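In the numbering used here, the protein residues as written are 20 to 134.
Below, the structure is given as structure tokens:
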């Protein structure tokens, strides 16, 4: 099953927990004279910095997870390759009693592929 992300929800308001009530309710940061207050701008910049820092941390974590998955995949591919070679060797030099070993190796290969 393939999971496809849905549309991202993006907030256009930048709020901080300590923002004044008027800012949380959608206040634009412009006072009656038409100029933006410095406090609102500073709060918005700080909020943006926090968001960027969190996204950077998320990207670094995702990169670490990706590296771990690639290494796990490499190890599993190597094991499947080794087991496949063992099966081929057994099939090529089949002797009495090797049937059980062959069945065991085939079952082990199937398990690795399912993981």
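Think of the CB as a built atom: it goes at the ideal place given N, C-alpha and C, for glycine as much as any other residue. These numbers come from a predicted model, not from an experiment.
Continuous alpha helix (DSSP H) stretch holding residue i: start and end
| i | result |
| --- | --- |
| residue 85 | 57 to 111 |
Closest Cα partner of residue i within the set the options
| i | options | result |
| --- | --- | --- |
| residue 123 | 111, 105 and 85 | 105 |
| residue 134 | 78, 92, 69 and 61 | 92 |
Inter-residue CB distance, residue i and residue j (contact presumed, cutoff 8 angstroms)
| i | j | result |
| --- | --- | --- |
| residue 109 | residue 121 | 5 angstroms |
| residue 95 | residue 131 | 6 angstroms |
Cβ neighbours of residue i in the same chain (closer than 8 angstroms, five flanking residues each side left out)
| i | result |
| --- | --- |
| residue 128 | 99, 102, 103 and 106 |
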